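Just so you know, the protein sequences line up as chains Y and U, in that order.
Going left to right, the first sequence walks through residues 1 to 417 as our numbering numbers them.
Going left to right, the second sequence walks through residues 1001 to 1417 as our numbering numbers them.
The C-beta atom is built at its ideal place from N, Cα and C for all residues, glycine as well.
In this text, all values refer to a predicted model and were calculated from it rather than measured experimentally.
See below for the structure under consideration.
Number of protein chains: 2
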Amino acid sequence: MAKLVGNAIFGQSGGPTSVINASAAGVIITALKMDCIPKVYGAANGIKGILEEKFYDMTQEDMKELELLKTTPSSALGSVRYKLADPDKDPTDYNRLLEVFKKYDIRYFFYNGGNDSMDTCNKVSKFMQKAGYECRVIGVPKTIDNDLYATDHCPGYASAAKYVATSTMEVYHDARVYDTPLVCVIEVMGRNAGWLTAATALAAYKGAGPDLIYLPELTFDMDKFLADVKKAYDKNNGKVIIAVSEGIKDKDGKYISEYGSDLAKEKDSFGHAQLGGTAQVLASIIKKELKCKTRYIEFSLLQRCASHLASATDVEEAFTAGQKAVEFAVEGHTDHMVAYEREMKDGKYHCNYKLVNLNEVANTEKKIPREWINEEGTGLKQEFIDYVLPLIQGESCPPLEDSLPRFAKLKKVWATK
Amino acid sequence: MAKLVGNAIFGQSGGPTSVINASAAGVIITALKMDCIPKVYGAANGIKGILEEKFYDMTQEDMKELELLKTTPSSALGSVRYKLADPDKDPTDYNRLLEVFKKYDIRYFFYNGGNDSMDTCNKVSKFMQKAGYECRVIGVPKTIDNDLYATDHCPGYASAAKYVATSTMEVYHDARVYDTPLVCVIEVMGRNAGWLTAATALAAYKGAGPDLIYLPELTFDMDKFLADVKKAYDKNNGKVIIAVSEGIKDKDGKYISEYGSDLAKEKDSFGHAQLGGTAQVLASIIKKELKCKTRYIEFSLLQRCASHLASATDVEEAFTAGQKAVEFAVEGHTDHMVAYEREMKDGKYHCNYKLVNLNEVANTEKKIPREWINEEGTGLKQEFIDYVLPLIQGESCPPLEDSLPRFAKLKKVWATK
Chain Y
1 MAKLVGNAIF GQSGGPTSVI NASAAGVIIT ALKMDCIPKV YGAANGIKGI
51 LEEKFYDMTQ EDMKELELLK TTPSSALGSV RYKLADPDKD PTDYNRLLEV
101 FKKYDIRYFF YNGGNDSMDT CNKVSKFMQK AGYECRVIGV PKTIDNDLYA
151 TDHCPGYASA AKYVATSTME VYHDARVYDT PLVCVIEVMG RNAGWLTAAT
201 ALAAYKGAGP DLIYLPELTF DMDKFLADVK KAYDKNNGKV IIAVSEGIKD
251 KDGKYISEYG SDLAKEKDSF GHAQLGGTAQ VLASIIKKEL KCKTRYIEFS
301 LLQRCASHLA SATDVEEAFT AGQKAVEFAV EGHTDHMVAY EREMKDGKYH
351 CNYKLVNLNE VANTEKKIPR EWINEEGTGL KQEFIDYVLP LIQGESCPPL
401 EDSLPRFAKL KKVWATK
Chain U
1001 MAKLVGNAIF GQSGGPTSVI NASAAGVIIT ALKMDCIPKV YGAANGIKGI
1051 LEEKFYDMTQ EDMKELELLK TTPSSALGSV RYKLADPDKD PTDYNRLLEV
1101 FKKYDIRYFF YNGGNDSMDT CNKVSKFMQK AGYECRVIGV PKTIDNDLYA
1151 TDHCPGYASA AKYVATSTME VYHDARVYDT PLVCVIEVMG RNAGWLTAAT
1201 ALAAYKGAGP DLIYLPELTF DMDKFLADVK KAYDKNNGKV IIAVSEGIKD
1251 KDGKYISEYG SDLAKEKDSF GHAQLGGTAQ VLASIIKKEL KCKTRYIEFS
1301 LLQRCASHLA SATDVEEAFT AGQKAVEFAV EGHTDHMVAY EREMKDGKYH
1351 CNYKLVNLNE VANTEKKIPR EWINEEGTGL KQEFIDYVLP LIQGESCPPL
1401 EDSLPRFAKL KKVWATK
């Protein structure tokens, strides 16, 4: 296939991770080296930046700072949660994108995000095809939730999992120093899939983890929960550690965070309920029912930005995912997402990179198989440990100055209009 | 002075830290080497373990595991919050301690903790003197609060400060990814002294820290606070990061965590109010008043047990503090606490170890000097940075197995009665 000559644009979308910038480095550094891509643009705040013609000229950046993106958490170009309309109902945004793509001769579009972002990617790709505008669209996966379909795992998940496992081990030690009972409830991010909460099972695997783990894959039953806690309480002399996913729901689909909570319910622009406070609510209920001391801990933003405790495997794979996206596109591929494929060679983990159709991946969520969860629904089996352990291997942390992280400092020069 | 021959007991007290076990290693390993100390006991749950004759025989432990204590967070022997009565009013506990000390021929008592623990140490020391029982009593300081009097800084503080500074830098990047306003309130531990909250100024020093910092050293004024936030909001396009100490109080002495909170007020056994929720309360108030999106983050237990991000300087000093305690006692000293003295040699930080009288240190709190805080009361000056920066230098983390921490596993063999 003849090489397509034209400029490239890259955008970051959705909640950031510790390694989303590693993928950015992979895309940008690789694209800058391609002869067929004269200019590389970075969209400010994802698709919104393209619509508003706000993008940075990445050729102006120092290579040293671009390399530092590998260990810089969060989305360096800015992120967005913006849902494109159905193009058949309202083509305004798509027409505008086409206009911008034409104006800047953009022939390569790389978009880095989770489910919603792959939906955006898919819609843009299909529209450009329909409009007869040649543009190669490749999605780069990203999500600490690890819930993207058709990829063995997602960039960002392993580093968050490593943070969650390590911090849970530390909290385990802290939460049992007194000879008095304490029930400690740890809340982990995860709306519909419990992959990240399940990572606390790594701490349990090392003998310093939760007694009980509750995932959104299973319906949460308050009576059973309180019975589980009581049993663990009696067994462990009042020292209980519980890990819960923020997204656990009861049989009526009501989030546990809504129990007894009079916090205003908000909806984000994708229509998902804003979550938070699940651990706090459960700690209150346990305190009331079991009449014991409780504590709640929310890993909050910390779990998705702790680049000081990232998985080197994750960082390397995230970078490579970005690199492969550009290479695949230049080779002639479009309308796909880069995906990970696990290969075990002589018992050793290896990651291969493949392409999956955007249609397949957009808006489909991958959950933890029921058979990886124990029968009681309160813990993970060895199958999950075997799945996650290779992913968290290797230590990555930013270079330090004064023993504090030195993150990338981009110049962010606006592209000339 | 003739060497005093007898057994030693060591106890850990109060809230744990990342490095309190490093001091334990210092005391235990050093005491085990002393000819004049035939047996070394570790009290289970501090002074309570001694009263109840529950202690471990430390000679039974493997040296490898004792060395691992240097990088194991929390209190390996168990901690306690138990306030000894005034001996003139109720000598019961003291008579019991004397009985136990005599029974086990305990001639060396090392106690590791903060203000309340040094008070315990002081009372025990004075009682033994009065009773004519020769026993050398040396306190080993410990507190993430850094509020102990007569020592330049406290073991445990620097590691917590490093965690707080690093995590704040990471959150800074995460909390500004969208192009929409977000006010993020970070809550840091600290009841009456703001040393740990002030460590967020290190993040600001690196260009990725809070816009506003509120310490318990100054009276908190809600109107001024909201005006400060509004000003920062307008200046920074709605992106504001605020760090607050859990212990901030208004002019009437009311904790901010109590504002609008209908949580039951509890008192711990020292009569301090149980704190928590300050950031949550402030985020709610900001949301209501400024009508903007807010987030709150509590570092919670994480800040005091994150041994994966400890300061190597802190770990080394904490170990040495324990070692010096034993050496000073064997040399003939008693009734003192080991303290740190800072020495700057050719602009390079150096720590010396000295003894301070327990009378001096017990129940006296050291706060941040007013002149280190900016005039507006919303940030720290260079004097504070110069103070704290040398303390957080060097990286310490536990050895890893499967890329997860390998913490010490003590046998905890009960001493024969």
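Asked                                                                                                                                                                                    : Found
Would residue 45 of chain Y count as contacting chain U if we go by Cβ distances under 7 Å?                                                                                              : yes
Look up residue 1262 of chain U in the DSSP assignment and say whether it is helix, strand or coil.                                                                                      : Residue confidence is low: residue 1262 of chain U scores 40 on pLDDT, short of 50, so the model does not pin down where it sits. Its coordinate-derived value is still stated next. Coil at residue 1262 of chain U, not helix or strand.
Tell me, please, whether the CB atom of residue 1178 of chain U is closer than 7 Å to any CB atom in chain Y?                                                                            : yes
Chain Y partners of residue 1394 of chain U, CB-CB under 8 Å?                                                                                                                            : 403
CA-CA distance, residue 19 of chain Y and residue 310 of chain Y?                                                                                                                        : 8 Å
Residue 36 of chain Y: which of Y/107, Y/410 and Y/47 sits nearest, CA to CA?                                                                                                            : Y/107
Closer than 7 Å, CB to CB, is residue 1305 of chain U near chain A or not?                                                                                                               : The chain inventory of the structure shown lacks chain A, comprising the protein chains Y and U.
Would residue 171 of chain Y pass as an interface residue toward chain U - the criterion being a Cβ-Cβ separation below 7 Å?                                                             : yes
Nearest chain U C-beta to residue 166 of chain Y closer than 7 Å, yes or no?                                                                                                             : yes
CA-CA distance, residue 288 of chain Y and residue 227 of chain Y?                                                                                                                       : 14 Å
Using 8 Å as the threshold, is the segment 164 to 179 of chain Y in touch with the segment 127 to 136 of chain Y, meaning 3 or more CB pairs across them?                                : no
Which value, in whole angstroms, describes the spacing of the CA atoms of residue 136 of chain Y and residue 416 of chain Y?                                                             : 23 Å
What do you reckon, are the CB atoms on residue 1111 of chain U and residue 1139 of chain U nearer than 7 Å?                                                                             : yes
Please determine if the segment 304 to 318 of chain Y and the segment 3 to 14 of chain Y are in contact, where contact requires at least 3 C-beta pairs separated by less than 8 Å.      : no
With a Cβ-Cβ cutoff of 7 Å, do residue 1120 of chain U and residue 1084 of chain U count as a contact?                                                                                   : yes
Following the continuous alpha helix (DSSP H) through residue 57 of chain Y, name the residue where it begins and the one where it ends.                                                 : Note, residue 57 of chain Y: premise wrong, no alpha helix (DSSP H); beta strand (DSSP E) at 55 to 57.
Quick one: using the 10 Å Cβ neighbour count with 16 as the cut-off for buried, is residue 1016 of chain U buried or exposed?                                                            : buried
Determine, using beta carbons only, whether residue 1011 of chain U comes closer than 7 Å to chain Y.                                                                                    : no
Determine the direct distance from the alpha carbon of residue 401 of chain Y to that of residue 1347 of chain U, and round the result to whole angstroms.                               : 18 Å
Take every Cβ of the segment 240 to 248 of chain Y, pair it with every Cβ of the segment 211 to 221 of chain Y, and state whether three or more of those distances are shorter than 8 Å. : yes
Counting Cβ pairs, one atom from each stretch, are 3 or more of them under 8 Å apart for the segment 1285 to 1304 of chain U and the segment 1096 to 1103 of chain U?                    : no
Note down, one range per segment and in chain order, each beta strand (DSSP E) of at least 3 residues found wholly within the segment 1078 to 1143 of chain U.                           : 1106 to 1113 and 1136 to 1141
With 7 Å set as the bound, which would you pick, yes or no: does the beta-carbon of residue 1297 of chain U sit closer than that to a beta-carbon of chain Y?                            : yes
Determine contact between the segment 1381 to 1391 of chain U and the segment 1049 to 1063 of chain U, defined as no fewer than three beta-carbon pairs at a distance below 8 Å.         : no
Is the segment 314 to 322 of chain Y close to the segment 337 to 352 of chain Y, with three or more CB pairs under 8 Å?                                                                  : yes
Go ahead and label residue 1295 of chain U buried or exposed: buried means 16 or more other beta carbons lie within 10 angstroms of its beta carbon, across all protein chains shown.    : buried
Among residues of its own chain, excluding the 5 on either side of residue 1410 of chain U, which ones have a beta-carbon nearer than 7 Å to its beta-carbon?                            : 1061, 1065 and 1076
Is the CB of residue 262 of chain Y under 7 Å away from at least one CB in chain U?                                                                                                      : At residue 262 of chain Y the pLDDT is 40, less than 50, meaning the model places this residue with poor confidence; the figure from the coordinates comes in the next sentence. No, its Cβ sits nowhere closer than 7 Å to a Cβ of chain U.
Hey, how far is the Cα of residue 1364 of chain U from the Cα of residue 56 of chain Y?                                                                                                  : 55 Å
Going along the segment 1206 to 1240 of chain U in order, which residues come within less than 9 Å of chain Y, judged by CB to CB distance?                                              : 1206, 1207 and 1208
Taking a Cβ distance cut-off of 8 Å, strictly less, list which residues of the segment 1138 to 1163 of chain U are near chain Y, in chain order.                                         : 1162
Reducing DSSP to helix, strand and coil, say where residue 1311 of chain U ends up.                                                                                                      : strand
Quickly, what does DSSP pair residue 1333 of chain U with across the bridge? List them, please.                                                                                          : In DSSP, residue 1333 of chain U forms no bridge with anything.
Between the C-alpha atoms of residue 270 of chain Y and residue 1292 of chain U, what's the straight-line distance to the nearest angstrom?                                              : Note that residue 270 of chain Y scores a pLDDT of 41, beneath 50, so its modelled location is shaky and nothing firm can be said.
Below 8 Å on C-beta distance, what does residue 1025 of chain U contact in chain Y?                                                                                                      : Those do not exist, as residue 1025 of chain U stays about 15 Å from chain Y at its closest Cβ, beyond 8 Å.
Hey, could you find the ends of the beta strand (DSSP E) residue 418 of chain Y is sitting in?                                                                                           : A question about residue 418 of chain Y goes unanswered here, because the residues of chain Y that appear run from 1 up to 417.
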